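Asker: First, the structure itself, so that you have it in front of you.
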Amino acid sequence: MMAWLQALQPRERFVLLAGAALLLALLGYALIWEPLAEDAARLREDVARQRELVAWMRQTATEAARLRGSQTSQQAADPRSLVAIVDAQVRSAGLSEALKRMQPTDRDGVRLEFSGATFDDLARWLGNMHREFGIELTSLTLEAGERPGRVDARMSMEREAS
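What follows is the structure, given as structure tokens:
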């Protein structure tokens, strides 16, 4: 190859080497520089989106902490016993006919038995008990009732530790 290159006229050799250098530069740009530049631009956009997400998360965390604080103070403001709260909420949810037994436990808790309760009403009631009063379900056993959409349930509930 060197002998062939040496056999060329100096002008032809210059044009050939200049063309090879230009081709090498174009290949370097197309295969190395351009992909790196595109990746860098994409990463800058990703960082900007992640920063926006972090700002939103911080704002949401602050709001959640504020709401949790107000919920805790609302729960602490209710001087009634757990049994009284549960009894009142069972009545307001329309589950009093399905409630067969309510028994306080030694820790600030209560055991309940429902028979033939509407599943949707029971699930909604449990969610409200946790959300509004900080009462958590510690155990739950569900069995299909005699009619569709009805369940027999045994559960234990306690006040959430704050």
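Residue numbers are given in numbering that gives the first Met the number 0: position 70 of the sequence shown equals residue 69, and the series is strictly consecutive. We put the CB at the ideal spot given by N, CA and C, even for glycine. Predicted model, so just to flag it, every value in this text is computed and none were measured.
(1) Pull up the DSSP beta-bridge partners for Glu135, would you.
(2) Could you spell out where the alpha helix (DSSP H) holding Leu30 opens and where it closes?
(3) Which value, in whole angstroms, describes the spacing of the CA atoms of Arg149 and Glu159?
(4) When you compare only the Cα positions, how much space is there between Arg110 and Leu66?
(5) Just the Cα atoms here: how many angstroms apart are Met0 and Leu42?
(6) Here's a check: name, in chain order, each residue in its chain whose Cβ is nearer than 7 Å to the Cβ of Val14, leaving out the five neighbours to either side.
(7) Give the straight-line distance between the Cα atoms of Met19 and Arg12, rounded to the nearest whole angstrom.
(8) Kindly confirm or deny that the segment 96–108 and the segment 43–63 touch, where touching means at least three C-beta pairs closer than 8 Å.
(9) Rounded to whole angstroms, what's the CA-CA distance from Ala17 to Met56? Just pull it up for me.
(10) In this structure, does DSSP put Ser114 in helix, strand or coil?
(11) Rounded to whole angstroms, what's the CA-CA distance from Leu141 to Ala83? Just pull it up for me.
(12) Just the C-alpha distance for Glu131 and Thr137, rounded to the nearest angstrom, thanks.
(13) What are the boundary residues of the alpha helix (DSSP H) that Arg100 is part of?
(14) Assuming Ser155 contacts Thr117 under a Cβ cut-off of 8 Å, what Cβ separation, rounded to an integer in Å, is found between them?
(15) Taking only the alpha-carbon atoms, compute the straight-line gap between Ser72 and Gly133 and give it to the nearest angstrom.
(16) Any idea what DSSP makes of Arg149, helix, strand or coil?
(17) If you reduce the DSSP assignment to three classes, tell me which class Leu94 lands in.
Answerer: In short, the structure shows the following:
(1) For Glu135, which the question treats as bridged, DSSP gives the partners Glu157.
(2) Segment: none, Leu30 is in no alpha helix (DSSP H) and carries neither H nor E.
(3) Going from the Cα of Arg149 to the Cα of Glu159 covers about 28 Å.
(4) C-alpha of Arg110 to C-alpha of Leu66: approximately 29 Å in a straight line.
(5) Rounded to whole angstroms, the separation of the alpha carbons of Leu42 and Met0 is 44 Å.
(6) Nothing meets the Cβ criterion.
(7) The amino acid at residue 19 is misidentified as Met; the sequence shows Ala. If I take the Cα positions, the gap works out to 10 Å.
(8) Because the criterion of three Cβ pairs below 8 Å is not met, the segment 96–108 and the segment 43–63 do not touch.
(9) The straight-line gap from Cα to Cα measures roughly 56 Å.
(10) The answer is strand: DSSP assigns Ser114 an E or B state.
(11) Near 24 Å, if we compare the C-alpha coordinates of Ala83 and Leu141.
(12) About 17 Å.
(13) Counting along the chain, Arg100 falls outside any alpha helix (DSSP H), though it belongs to the beta strand (DSSP E) covering Leu98 to Thr104.
(14) Not quite, the Cβ-Cβ distance comes to about 21 Å (not below 8 Å), so this is no contact.
(15) Since pLDDT at Ser72 reaches only 48, below the 50 mark, its modelled position is unreliable, and no value is offered.
(16) Strand.
(17) When secondary structure is reduced to three states using DSSP, Leu94 falls in the coil class, being assigned neither helix nor strand.
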